[in-house]
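Asks: Residue numbers for the sequence shown follow the working numbering, so the first one is 1 and each next one is one higher. Have a look at the structure that comes next, please.
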Amino acid sequence: MSLVKVKDKYQVTLPVEVRRKAGVVVGDLLEARVKGKLITLTPTAVVNRDALERRLAEGLEDVRQGRVHGPYSSARALVRSLQSRKAPRKRPMR
Numbered sequence: 001m002s003l004v005k006v007k008d009k010y011q012v013t014l015p016v017e018v019r020r021k022a023g024v025v026v027g028d029l030l031e032a033r034v035k036g037k038l039i040t041l042t043p044t045a046v047v048n049r050d051a052l053e054r055r056l057a058e059g060l061e062d063v064r065q066g067r068v069h070g071p072y073s074s075a076r077a078l079v080r081s082l083q084s085r086k087a088p089r090k091r092p093m094r
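Rendered as structure tokens:
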């Protein structure tokens, strides 16, 4: 069990062993919940719904316009297809 102290501005520092076990790093978002007197912090992510919907609409439009590849019978078939489409390498000038 790790003890933390609530500081002047109600800030707490997560002990190293707690951060490591939870995989929390600088910049992560934690969702705070309270149930009775129990406080839980859970690592979470925020999804930009507008951007997600825009990307989905773009993807669906690509499918409607036939800008798709596949389906492929295997991962190897996919790689072969990608390799056949790549632009030839330019030789460096000497």
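Every residue, glycine too, gets a C-beta built ideally from N, C-alpha and C. A quick note: this is a predicted structure, and the numbers were derived from the prediction, not measured.
Give me whichever residues DSSP pairs with E31 in a beta bridge.
Replies: Here residue 31 is taken as the residue at index 31 of the sequence shown, counted from 1. The partner list for E31 (beta bridge, DSSP) reads T42.
Asks: Please classify D95: does DSSP put it in a helix, a strand, or coil?
Replies: In this structure the chain extends from 1 to 94, so residue 95 is not present and cannot be described.
Asks: Given V18, which residues of its chain have a CB within under 7 Å of its CB, disregarding the five upstream and five downstream residues?
Replies: Against the sequence shown, residue 18 aligns to sequence position 18. Same-chain partners within the cutoff: S2.
Asks: How about R49 and T40: do their beta carbons lie closer than 7 Å?
Replies: As a position in the sequence shown, residue 49 is number 49, starting the count at 1. As a position in the sequence shown, residue 40 is number 40, starting the count at 1. No.
Asks: So V18 is in the alpha helix (DSSP H); what residue range does that whole segment cover?
Replies: To locate residue 18, count along the sequence shown from 1; it is residue 18. Start and end: 16-22.
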